[in-house]
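Chains as they are written, first to last, in my numbering: chain P, 44 to 244; chain U, 80 to 347.
Laid out in structure tokens, this is it:
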């Protein structure tokens, strides 16, 4: 009996091991293969295959890095945010709605500063029913949170660099990678924060 | 031994849990539409064209593809598609269906890879030959269970590499394949996103491909689908019929193994 239970425990441990862990980390194999197989196209150079520090941490920890690593990198990302020199964060919400609707930008045939692809992932204005659900609903963003300077700053900062607030967020860093201009990010902030914006009706 | 069995079962439970994706009204409507459309699927035209191309003597070597080994022996087409991607000793790598067809067009018929890779995707005016041929090959596995093999060490390695490619975040938008296809019940705009890490949903990466796509009205293969995902992922462009795409397709297909493949389909 004792022998049988030892065998049982050993095989249980082996089974658990084989289920829980793949044999090793295949990320280096994956990257080497992609570097062999990919080529630059339009605006997308081969450098895009390389991880930056944020991507490396998120890849290494499957989007769930240890708290101290996340906090340190989030702080670094926050420091990269360039706040508008004129101190104004609210642009034109009507222009913001057009930018939110536009799903182009940073792909092979796009140039930077086209659209924000916001509706791809978020519910935003009440009249657009074709919205994605990868991100949270932004409907009544300002109405729910208040229109104060801190919330304005949060909205602008989050659009500029989402990883400053949540390291492995699925949201792109629109300002950081220059996918959007300062004026476009102001316009999007207005879409969320202007009391007159349909988002807040 | 009973303990081992119980522990083994408990460990396996997360893998076995079926997904409970909420039925999406738009998707449900489209599924009905697709069912009707598939009774007269334009993909069949490409299937017929593909069979002609398979049998015809073509290329600099004036040979047919009838000696092409799709994994079940030279010339065996029936059931080959659902057992791809797989390892091929003659090239010492795992190949998906279209990569293997391209390989045969090069070795048997004398076509050049550079020519085939120049414009590998369909447009309104032109459907590349490999697209028609892969449609024919896929149709010969209609109604069969997906059974991409994991016997050879390189098949298991390739699966793991494909999985790592699937989860690799990089590029201008920090996206990986999993950014869109790694969680349940998500949509881009109104398009539902299957979670390919789960077996029940992974079949949606394979089902309906090659597919007649109503947007644009052209026949597309999985090579095109993978290419377009990387475009939207804001990555550079993957090489046509490359190992990267075979690895990714191995990951997706093995995850879907056991499901019945319904043949070339219709896509939005």
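C-beta: ideal position from N, C-alpha, C; glycine also.
Find the nearest neighbour of residue i within the set the options, judged by alpha-carbon distance.
{"i": "residue 192(P)", "options": "106(P), 132(P), 239(P)", "result": "132(P)"}
{"i": "residue 84(P)", "options": "201(P), 241(P), 151(P), 183(P)", "result": "151(P)"}
{"i": "residue 157(P)", "options": "86(P), 106(P), 178(P)", "result": "86(P)"}
{"i": "residue 120(U)", "options": "214(U), 201(U), 320(U)", "result": "214(U)"}
{"i": "residue 123(U)", "options": "179(U), 211(U), 324(U)", "result": "211(U)"}
{"i": "residue 374(U)", "options": "180(U), 337(U), 256(U)", "result": "Because residue 374(U) is not part of the residues shown, which for chain U are 80 to 347, the question remains open."}
{"i": "residue 335(U)", "options": "274(U), 169(U), 305(U), 264(U)", "result": "274(U)"}
{"i": "residue 88(P)", "options": "315(U), 319(U), 241(U)", "result": "315(U)"}
{"i": "residue 141(U)", "options": "112(U), 184(U), 117(U)", "result": "184(U)"}
{"i": "residue 282(U)", "options": "313(U), 224(U), 253(U), 292(U)", "result": "224(U)"}
{"i": "residue 196(U)", "options": "138(U), 207(U), 304(U), 272(U)", "result": "207(U)"}
{"i": "residue 134(P)", "options": "242(P), 206(P), 231(P), 202(P)", "result": "231(P)"}
{"i": "residue 242(U)", "options": "138(U), 331(U), 339(U)", "result": "331(U)"}
{"i": "residue 333(U)", "options": "234(U), 343(U), 148(U), 106(U)", "result": "234(U)"}
{"i": "residue 261(U)", "options": "167(U), 246(U), 279(U), 237(U)", "result": "246(U)"}
{"i": "residue 96(P)", "options": "109(U), 238(U), 248(U), 168(U)", "result": "248(U)"}
{"i": "residue 130(U)", "options": "168(U), 144(U), 253(U)", "result": "144(U)"}
{"i": "residue 240(P)", "options": "186(P), 100(P), 147(P)", "result": "186(P)"}
{"i": "residue 341(U)", "options": "286(U), 136(U), 326(U), 296(U)", "result": "286(U)"}
{"i": "residue 108(U)", "options": "301(U), 288(U), 270(U)", "result": "270(U)"}
{"i": "residue 69(P)", "options": "209(U), 115(U), 295(U), 244(U)", "result": "244(U)"}
{"i": "residue 272(U)", "options": "126(P), 100(P), 176(P)", "result": "176(P)"}
Quick one: does residue i have its CB under 8 angstroms from some CB of chain P?
{"i": "residue 242(U)", "result": "yes"}
{"i": "residue 269(U)", "result": "yes"}
{"i": "residue 334(U)", "result": "no"}
{"i": "residue 171(U)", "result": "no"}
{"i": "residue 100(U)", "result": "Here the model assigns residue 100(U) a pLDDT of 47, short of 50, so the residue's position is not dependable and the matter cannot be decided."}
{"i": "residue 266(U)", "result": "yes"}
{"i": "residue 143(U)", "result": "no"}
{"i": "residue 258(U)", "result": "yes"}
{"i": "residue 239(U)", "result": "yes"}
So with Cβ pairs under 8 angstroms, would you call residue i a contact of chain U?
{"i": "residue 161(P)", "result": "no"}
{"i": "residue 165(P)", "result": "no"}
{"i": "residue 223(P)", "result": "no"}
{"i": "residue 175(P)", "result": "yes"}
{"i": "residue 73(P)", "result": "yes"}
{"i": "residue 213(P)", "result": "yes"}
{"i": "residue 98(P)", "result": "yes"}
{"i": "residue 136(P)", "result": "no"}
{"i": "residue 102(P)", "result": "yes"}
{"i": "residue 216(P)", "result": "yes"}
{"i": "residue 70(P)", "result": "yes"}
{"i": "residue 150(P)", "result": "yes"}
{"i": "residue 220(P)", "result": "yes"}
{"i": "residue 77(P)", "result": "yes"}
{"i": "residue 227(P)", "result": "no"}
Taking the alpha helix (DSSP H) that residue i belongs to, which residues open and close that run?
{"i": "residue 134(U)", "result": "122–134"}
{"i": "residue 136(P)", "result": "136–144"}
{"i": "residue 291(U)", "result": "Not the alpha helix (DSSP H): residue 291(U) falls in the beta strand (DSSP E), residues 287–292."}
{"i": "residue 232(U)", "result": "232–246"}
{"i": "residue 278(U)", "result": "278–281"}
{"i": "residue 71(P)", "result": "70–80"}
{"i": "residue 195(P)", "result": "192–203"}
{"i": "residue 305(U)", "result": "301–311"}
{"i": "residue 229(U)", "result": "First-last for residue 229(U): undefined, no H or E at that position."}
{"i": "residue 229(P)", "result": "225–236"}
{"i": "residue 251(U)", "result": "Unbroken run through residue 251(U): none, as it is neither H nor E."}
{"i": "residue 333(U)", "result": "322–335"}
{"i": "residue 260(U)", "result": "256–260"}
{"i": "residue 187(P)", "result": "184–188"}
Could you please give the first and the last residue of the uninterrupted beta strand (DSSP E) stretch that includes residue i?
{"i": "residue 265(U)", "result": "265–267"}
{"i": "residue 270(U)", "result": "270–272"}
{"i": "residue 344(U)", "result": "343–346"}
ask   = What are the residues of the segment 297–325 of chain U that lie near chain P, defined by any Cβ-Cβ distance shorter than 7 angstroms?
value = Per Cβ criterion, the list reads 310, 311, 313, 314, 315, 316, 317, 318, 321, 322, 323.
| Name the residues in the segment 179–196 of chain P whose C-beta lies less than 9 angstroms from a C-beta of chain U; which are they? | none
Discussion item. Tell me which residues of the segment 80–94 of chain P have at least one Cβ-Cβ distance to chain U shorter than 7 angstroms, keeping chain order.
Written reply: Under the 7 angstroms Cβ criterion, the segment 80–94 of chain P contributes 80, 81, 82, 83, 84, 87, 88, 89, 91, 92, 93, 94.
Report task. With a floor of 4 residues, list each alpha helix (DSSP H) that falls wholly inside the segment 152–226 of chain U, ordered by position along the chain. Result -> Fully enclosed alpha helix (DSSP H) runs of 4 or longer: 176–186, 192–197, 208–218.
Please name the residues in the segment 243–254 of chain U whose beta-carbon is closer than 8 angstroms to at least one beta-carbon of chain P, in chain order. Here the close residues are 243, 244, 246, 247, 248, 249, 250, 251, 252, 253, 254.
Worksheet item: Along the chain, which unbroken stretches of the alpha helix (DSSP H) at least 4 residues long are found entirely within the segment 100–175 of chain P?
Response: 110–122, 136–144, 161–164
With 9 angstroms as the C-beta to C-beta threshold (strictly closer), list the residues of the segment 176–207 of chain U near chain P in chain order.
none
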